[in-house]
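Participant: Heads up: the sequence shown runs through residues -19 to -1, 1 to 265, numbered per mature numbering (1 follows the signal peptide of the UniProt record, and there is no 0). Ideal placement from N, C-alpha and C gives every residue a C-beta, glycine not left out. Before I ask anything, let me first share the structure, which is written out below as structure tokens.
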Amino acid sequence: MGAVLQSLLLCTLCLQIRGLPLLLYANRRDLRLVDAARGRGNASVLVSGLEDAAAVDYVYEQGLIYWSDVSEEAIKRTLFNGSAPSGLQSTVVSGLASPDGLACDWMGNKLYWTDSETNRIEVAELDGTNRKVLFWQDLDQPRAIALDPGRGYMFWTDWGEIPKIERAGMDGTHRSVIIDSEIYWPNGLTLDYELKKLYWADAKFSFIHRSELDGSHREVVVKGSLPPPFALTLYEDTLFWTDWNTHSIHACLKHTERTATRYTPTSLTRWDLHVYSQERQPAG
């Protein structure tokens, strides 16, 4: 293990106690972890040798990190115990087409994903068993997906001819469209569990908006002046997002549109992003 990686991983617990987030992201050919408090240049590779990792998520208490690979048409996982990655990979779901979105239910121990080619949203156990199609009708390029296990909600974006954001019960019931205006390429999606807010980024209109969990009381967080945002995540009062143009991670306070920080850990283009913290997976 390299000195930089070892130092970073051994400080994981310390960083969590001090309230400084670690950012986990998929960088197409690998998965990386970056200390947001220390700025650029310190990203460390957790899993390498990937084909085309598109989405990433984790189950913190179990030390499991999942990612989808659109070239291998599969979802894989590895074990990360907070001090060192295991280096082992296993395929949990195969036979996919374009698994662009991925989300872990850390309470119910389930895995949800979107497939923008088959136009399906599916669910399985964390080991890939008991696979089930939840939605296959009225979908047109579903992309990002986010879960609120404490309230039993799932949210996803749709990039099709009629772009929208939908919400449903995590069991597939009570499906409804909650955002379908002033939206074009809804990509990043994240939740504020404490304040019951939904945040999303639009890569075409270059903004970040938020609303109540039912889509009401929509507000502008960052006006349409961003490089096209791709993935979006939240830690306490700070939003983090990636973009297509500068290949960077940006941050701002969720109560203001002023961009506070920019990191440039990679030169690649398509990458998902999550804050790696137990606080992002509350017990309910």
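Please report how far the alpha carbon of L14 lies from the alpha carbon of R124, in whole angstroms.
Facilitator: Their backbone Cα atoms lie some 23 angstroms apart in a straight line.
Participant: Between which two residues does the beta strand (DSSP E) harbouring G169 extend?
Facilitator: Looking at the DSSP string, the run of the beta strand (DSSP E) that includes G169 is P167 to D173.
Participant: Please state whether DSSP places R112 in a helix, a strand or coil.
Facilitator: R112: coil per DSSP, three-state reduction.
Participant: Just verifying my parser: in three-state terms, what is the DSSP assignment at H260?
Facilitator: The amino acid at residue 260 is misidentified as His; the sequence shows Glu. Three-state DSSP puts E260 in a helix.
Participant: E106 to L234, Cα distance in whole Å?
Facilitator: In a straight line, the C-alpha of E106 is about 35 angstroms away from that of L234.
Participant: On a Cα-Cα basis, can you pick out the residue from I230, S206 and S97 that is closest to G141?
Facilitator: That would be S97, whose Cα lies nearest to the Cα of G141.
Participant: Check each candidate in T154, E163 and T171 and name the one with the smallest Cα separation from D253.
Facilitator: D253 has its Cα closest to that of T171, out of T154, E163 and T171.
Participant: So what's L234 in DSSP terms, helix, strand or just coil?
Facilitator: Reduced to three states, the DSSP call for L234 is strand.
Participant: Starting from A84, follow the beta strand (DSSP E) in both directions and report where the run begins and ends.
Facilitator: Where A84 is concerned, the enclosing beta strand (DSSP E) stretches over G82 to D86.
Participant: Taking all protein chains shown into account, decide if Y165 is buried (16 or more other Cβ within 10 angstroms of its Cβ) or exposed.
Facilitator: Exposed, because fewer than 16 other Cβ atoms sit within 10 Å of the Cβ of Y165.
Participant: Could you check which residue in R148, G109, Y257 and T219 has the C-alpha nearest to that of L3?
Facilitator: Out of R148, G109, Y257 and T219, Y257 has the C-alpha closest to the C-alpha of L3.
Participant: According to the Cβ coordinates, are D38 and V51 closer than 7 angstroms?
Facilitator: No, the pair does not count as a contact, with Cβ atoms beyond the cut-off.
Participant: Quick one, which of I143, D81, S229 and I46 has its alpha-carbon nearest S71's?
Facilitator: Of the candidates I143, D81, S229 and I46, the one whose C-alpha sits nearest the C-alpha of S71 is I46.
Participant: Check whether the Cβ atoms of A184 and L213 lie closer than 7 angstroms to each other.
Facilitator: Against a cut-off of 7 angstroms, the Cβ pair of L213 and A184 comes out as no contact.
Participant: Could you tell me the alpha carbon to alpha carbon distance between F211 and D224, rounded to whole angstroms?
Facilitator: Answer to the nearest angstrom: the Cα atoms are 5 angstroms apart.
Participant: Is DSSP giving M135 helix, strand or coil here?
Facilitator: M135 falls in the strand class under three-state DSSP.
Participant: Check this for me: beta carbons of P208 and T227, under 7 angstroms apart or not?
Facilitator: Result yes, Cβ atoms of P208 and T227 sit closer than 7 angstroms.
Participant: Out of curiosity, what's the CA-to-CA distance linking Y216 and L128?
Facilitator: Roughly 16 angstroms between the two C-alpha positions.
Participant: In the DSSP output, which residue or residues are listed as bridge partners for F221?
Facilitator: Partner(s): T214 and A232.
Participant: Do I56 and V73 come within 7 angstroms of each other at the CB atom, strictly closer than that value?
Facilitator: Yes, the Cβ-Cβ distance between V73 and I56 is below 7 angstroms.
Participant: Relative to the alpha-carbon of T10, which residue among G44, S49 and V40 has its alpha-carbon at the smallest distance?
Facilitator: Per the sequence shown, the amino acid found at residue 10 is Arg instead of Thr. Cα-wise, what sits closest to R10 is S49.
Participant: Given this structure, state the Cα-to-Cα distance separating S79 from F116, to the nearest angstrom.
Facilitator: Whole-angstrom Cα-Cα distance: 16 angstroms.
Participant: Would you please state the rounded distance, in angstroms, between the beta carbons of R148 and S157? I believe it to be under 8 angstroms.
Facilitator: About 6 angstroms; that satisfies the 8 angstroms criterion.
Participant: Pull up the DSSP beta-bridge partners for F186, would you.
Facilitator: None, per the DSSP bridge assignment.
Participant: If I measure Cβ to Cβ from K145 and keep anything under 7 angstroms in the same chain, skipping five residues before and after, which residues do I get?
Facilitator: Once the five neighbours on either side are set aside, the close Cβ partners of K145 are D139, V158, I160, D161 and I164.
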